[in-house]
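Undergrad: Protein chains in written order, with the working numbering: chain R, 1 to 287; chain L, 1001 to 1577.
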Ligand SMILES: Cc1ncc(C[n+]2csc(CCOP(=O)(O)OP(=O)(O)O)c2C)c(N)n1
Ligand code: SF4
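#1: Counting by C-beta, which residues lie closer than 5 Å to a heavy atom of ligand 2, in chain order?
#2: Assuming the contact rule is C-beta atoms closer than 8 Å, residue 1322/L and residue 1356/L should be a hit. Round their C-beta distance to whole Å, please.
#3: Please report the residue range of the beta strand (DSSP E) in which residue 194/R lies.
#4: Which residues in chain A have a C-beta closer than 8 Å to the C-beta of residue 279/R? List them in chain order.
#5: Specify the secondary structure class of residue 1371/L as computed by DSSP and reduced to three states.
#6: Return yes when at least one heavy atom of ligand 1 lies under 8 Å from the C-beta of residue 1467/L, else no.
#7: Quick one: is residue 1043/L buried, meaning 16 or more other Cβ sit within 10 Å of its Cβ, or exposed?
#8: At least one CB of chain L closer than 9 Å to the CB of residue 32/R: is that the case?
#9: List, in chain order, every chain L residue whose beta-carbon is nearer than 7 Å to that of residue 9/R.
#10: Check each candidate in 1454/L, 1574/L, 1350/L and name the one with the smallest Cα separation from residue 1282/L.
#11: Reducing DSSP to helix, strand and coil, say where residue 1450/L ends up.
#12: Taking only beta-carbon atoms, is residue 1431/L less than 9 Å away from chain R?
#13: With H, G and I counted as helix, E and B as strand and the rest as coil, what does DSSP make of residue 1502/L?
#14: Evaluate residue 1543/L with the Cβ neighbour count: other Cβ atoms within 10 Å of its Cβ, from every protein chain shown; 16 or more gives buried, anything less gives exposed.
#15: Would residue 1029/L pass as a contact of residue 1146/L if the rule is Cβ separation under 9 Å?
#16: Is it the case that the segment 92-110 of chain R contacts the segment 1270-1278 of chain L, given that we only count it when at least three CB pairs across the two stretches are under 8 Å?
#17: Looking only at its chain, what residues have a beta carbon closer than 8 Å to the beta carbon of residue 1249/L, apart from the 5 residues adjacent to it on each side?
#18: Would you list, in sequence order, the uninterrupted alpha helix (DSSP H) runs of no fewer than 4 residues that lie entirely inside the segment 1339-1396 of chain L?
#19: Give me, in chain order, the residues of the same chain whose beta-carbon lies closer than 7 Å to that of residue 1156/L; leave out the 5 immediate sequence neighbours on both sides.
#20: Using 8 Å for Cβ pairs, my map puts residue 1009/L next to residue 1081/L. What's the rounded Cβ distance?
#21: Count Cβ pairs between the segment 1558-1566 of chain L and the segment 1477-1488 of chain L that sit closer than 8 Å; are there 3 or more?
#22: I need the DSSP call for residue 1318/L, collapsed to helix, strand or coil.
#23: Taking the C-alpha atoms as reference points, what is the distance between residue 1222/L and residue 1027/L?
#24: Is it buried or exposed, residue 1315/L, if we count other Cβ atoms within 10 angstroms and call 16 or more buried?
#25: Is there a C-beta anywhere in chain R that falls below 9 Å from the one on residue 1442/L?
#26: Helix or strand or just coil, what does DSSP make of residue 1099/L?
#27: Along the chain, where does the alpha helix (DSSP H) that runs through residue 136/R open and close?
#28: Any C-beta of chain R sitting closer than 9 Å to the C-beta of residue 1258/L?
#29: How about residue 1332/L: is its Cβ closer than 8 Å to a heavy atom in ligand 1?
#30: Measure from the alpha carbon of residue 225/R to the alpha carbon of each residue in 279/R, 168/R, 214/R, 162/R, then state which is nearest.
#31: Three or more C-beta pairs closer than 8 Å, one from the segment 1334-1347 of chain L and one from the segment 1176-1189 of chain L: is that the case here?
#32: With H, G and I counted as helix, E and B as strand and the rest as coil, what does DSSP make of residue 53/R?
#33: What's the C-alpha gap between residue 1413/L and residue 153/R?
#34: Considering residue 286/R, what are the terminal residues of the alpha helix (DSSP H) in which it resides?
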């Protein structure tokens, strides 16, 4: 069992960036699970957070902006035996990749998707993101943001994700548990990881979050969808005064690979290539 | 060559497509060469559609020019198609539904109560197609026993009753008074597959071990989508995606994980795939992308043909990276090219674009030779085991530009595939290192490594030049892909008139071996034939060889070239030279 899955690559992040905490949490989750690192594929998009694949010594793809989930889907469909983990930012996942977010949830692919949600575009130096709160002044909204932010938790639940959680980079041990259970969960697991951008987001700071976050306790029933949706919109109903952390929704539903007629037979990469006889008999059908 | 051209015309929903396919199969199984093409519109019911079936005793490359037998299923069919009937041609129509006036002198009109017979035999009006089919078989001199056999194979899966009714309907048409054998087309005993371009391409990909196809529906590439979707039981995965961006990125994911993977679309979808294409180029993942062109720009004419995306696919995506572009010149070649494409993609770790078009994708061809045994699977430089304790240098700088690749799951060969510029290990050199002398040099070396693969391809493969046919000719058509087919037949028509034309045709377009290409083209009288306004092949040739082909036959009205129209324009050009 590996003592760390981290690589020797120094992260690109600013000192104090929330992404360090998420990195530590993912590393801890992997250590706890003890998965062979050659059987892990981490896929990132583009952004500060999306560069995370380089900080691990597993297989990884540092792809293009917003396309974490399509690439991750291709990997998972090709080789079901790999543990596939998507990582990226809120811009990457909920903005440019928003279409994929909804449809991947619907498919219930067995992928764990960690979104480092800093409510800002970090790498491009501080423009508004889909989760930027109304009124926030950013480089692209100098007069204050006027668009309603997306609620990734309620969207994920509605779209059909089967494991939906929120964690906080300021509490990496708790976040690690959420990630670990997300990886263990059979199906599409979304973890919205609140991850402050200390350089470009002056509003949503560690302190701002600490005053608002609270952990769901054992009495919370994550399997009840109506209840979960109610909990998911607590950020709106309390005007961002209360931010629940923990597993908000969980459902057991067959994964895409369990339902697909071909993949039911086993991992695609292990299935044999057609023989010459098979090709010939296929062709005979056209004669 | 003896031949017959049959056009069945009616409305969408009349069942023309399935009876057209049936006729093609019957003619092919009875030992003839066949070619089919369906002209349709972007509507689901109604409209005016036709299906042309050409049957001959020689290999065909076109659906032909004028009509020998018109089967008119409605009044529109008479209005729009009568003028395309050859002098002395035949019109089959239903006198209880349609009227004919103004048919040219000598046209033979055969009125058959198609609908009444269909209703009598089965109660199902759709079977009037089969009645007409029977009549056509008699006129074309094709043995009805073969038809019975194929009708049985086709319909008995549904129900034996429907099969029997169709056999009865065909016999009624075959025996209808006034229907007499008119054409005599020699036959042989060779086996022929009846394949449209999309199917031939799909089967070729499957034969080569393609296990993953991702697509979003778009005419005229949808045939490939339907093929893979309906063959999932053969151990392939088809994924319909939310858009073409997903299709190509999922293909990159699957190929990265080690399976042979392909995606396909038309120009509009390819436009969305462009950024992904660059990703495949940068992280050196072998993918195959099919771009089946239709008439553009924008949504254009969704059900019509064009070859106006050549320069687009040659250059699509920012930056420079090796890619292979290839356009099959027949359905037969589509099989071969699809199977080769995966080897090339994996050997050179780059995207391969198969450039097709509506005519190529949807025309139907009787194919004699499909070399299933000749399909070889070459997976390129895959490292199966870790050889030392250090990190795996996935992007190792090599003399031929090709680096060793590992398949995820292999212990000890982990690496990051990065769309940012990277070093041999895949580590970013785009951030804190960018601009520092040592890394400026590293970027240069990595870019040169990737680009060197083009030299390696040109050195190792003898593919990247056109094919010359008819070396002794006075004039040469220059074509790529689909336009090669009608041009080949135009060569025959011209030779009947004593004009010696040859043809220089490209399937592989990029990279282009400038030296070999120049040698083939040099000193010849060349006429460029393609489906676009700006002569994109001619531009491509000029930029590689300096040869400027001034004489051009260009078509961009959406319709397929007929051999006759190419021949007529060529004659004018030749006479004026
Ligand atoms: C197609 C495309 N558009 C724009 C960009 C520029 N870009 C890079 S990262 C980014 C947004 C980053 O924000 P987010 O995804 O939230 O990640 P963060 O940097 O905050 O971690 C943008 C717009 C790009 N790389 N590609
Ligand atoms: S800019 Fe913000 S998100 Fe990016 S590394 Fe710095 S703190 Fe983190």
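From the three backbone atoms N, C-alpha and C, an ideal C-beta is built for every residue, glycine too. Everything numeric in this text was worked out from a predicted model, so none of it was measured.
TA: In short, the structure shows the following:
#1: 13/R, 14/R, 17/R, 48/R, 122/R, 197/R, 198/R, 199/R
#2: Taking the first residue of the second chain as position 1, residue 1322/L is located at position 322. Taking the first residue of the second chain as position 1, residue 1356/L is located at position 356. Rounded, the Cβ-Cβ distance is 21 Å, inconsistent with contact.
#3: Here residue 194/R refers to the residue found at position 194 of the first chain. 189-194 is the span of the beta strand (DSSP E), which, as asked, contains residue 194/R.
#4: This model lacks chain A altogether; the protein chains it does include are R and L.
#5: As a first step, residue 1371/L is located in the second chain; it is residue number 371 there, counting from the start. Note: residue 1371/L maps to coil in three-state DSSP.
#6: Stepping through the second chain from its first residue, residue 1467/L is reached at position 467. Residue 1467/L Cβ: outside cutoff for every heavy atom of ligand 1.
#7: Along the second chain, read from residue 1 onward, the residue named residue 1043/L stands at position 43. Its Cβ having fewer than 16 others within 10 Å, residue 1043/L is exposed.
#8: Sequence index remark: in the first chain, residue 32/R carries index 32 (1-based). Judged by the 9 Å Cβ criterion, residue 32/R is not in contact with chain L.
#9: On the first chain, residue 9/R is found 9 positions in, with the first residue counted as 1. Going along chain L in sequence order, the residues near residue 9/R (Cβ under 7 Å) are 1427.
#10: Taking the second chain and counting its residues from 1, the one referred to as residue 1282/L is at position 282. Answer by Cα proximity: 1350/L.
#11: By one-based count along the second chain, residue 1450/L stands at place 450. Residue state, collapsed to three classes: helix.
#12: One-based indexing of the second chain puts residue 1431/L at position 431. So yes, residue 1431/L belongs to the interface.
#13: The residue labelled residue 1502/L in the question sits at position 502 within the second chain. Note: residue 1502/L maps to strand in three-state DSSP.
#14: Here residue 1543/L is taken as the residue at index 543 of the second chain, counted from 1. Under this definition residue 1543/L is an exposed residue.
#15: As a first step, residue 1029/L is located in the second chain; it is residue number 29 there, counting from the start. As a first step, residue 1146/L is located in the second chain; it is residue number 146 there, counting from the start. Their beta carbons are under 9 Å apart, which means residue 1029/L touches residue 1146/L by this criterion.
#16: no
#17: As a first step, residue 1249/L must be located in the second chain, where it is residue number 249. These residues qualify, in order along the chain: 1276, 1279.
#18: 1358-1362
#19: The sequence position of residue 1156/L within the second chain is 156, counting from 1. So the qualifying residues of the chain are 1163.
#20: The sequence position of residue 1009/L within the second chain is 9, counting from 1. The sequence position of residue 1081/L within the second chain is 81, counting from 1. The Cβ separation is near 5 Å, so the contact holds.
#21: yes
#22: Position 318 of the second chain holds residue 1318/L. Note: residue 1318/L maps to coil in three-state DSSP.
#23: Within the second chain, the letter at position 222 stands for residue 1222/L. Within the second chain, the letter at position 27 stands for residue 1027/L. In a straight line, the C-alpha of residue 1222/L is about 26 Å away from that of residue 1027/L.
#24: Translated into the one-based positions of the second chain, residue 1315/L becomes position 315. Its Cβ having fewer than 16 others within 10 Å, residue 1315/L is exposed.
#25: In the second chain, counting from the first residue as 1, residue 1442/L sits at position 442. Not closer than 9 Å to any Cβ of chain R, the Cβ of residue 1442/L fails to qualify, so no.
#26: Position 99 of the second chain, counting from 1, holds the residue named residue 1099/L. Three-state DSSP puts residue 1099/L in coil, outside helix and strand.
#27: Translated into positions along the first chain, residue 136/R becomes position 136. Per DSSP, residue 136/R belongs to no alpha helix (DSSP H) and is neither H nor E.
#28: Looking up residue 1258/L in the second chain gives position 258. By this cut-off, residue 1258/L is an interface position.
#29: Translated into the one-based positions of the second chain, residue 1332/L becomes position 332. No, the beta carbon of residue 1332/L sits no closer than 8 Å to any heavy atom of ligand 1.
#30: For the purposes of this step, residue 225/R is taken as the residue at position 225 of the first chain. The candidate whose alpha carbon is nearest that of residue 225/R is 162/R.
#31: no
#32: As a working note, residue 53/R is residue 53 in the first chain. Helix.
#33: Taking the second chain and counting its residues from 1, one reaches residue 1413/L at position 413. Taking the first chain and counting its residues from 1, one reaches residue 153/R at position 153. Straight-line Cα distance between these residues: approximately 36 Å.
#34: Indexing the first chain from 1 puts residue 286/R at position 286. It is not in any alpha helix (DSSP H) - residue 286/R carries neither H nor E in the DSSP assignment.
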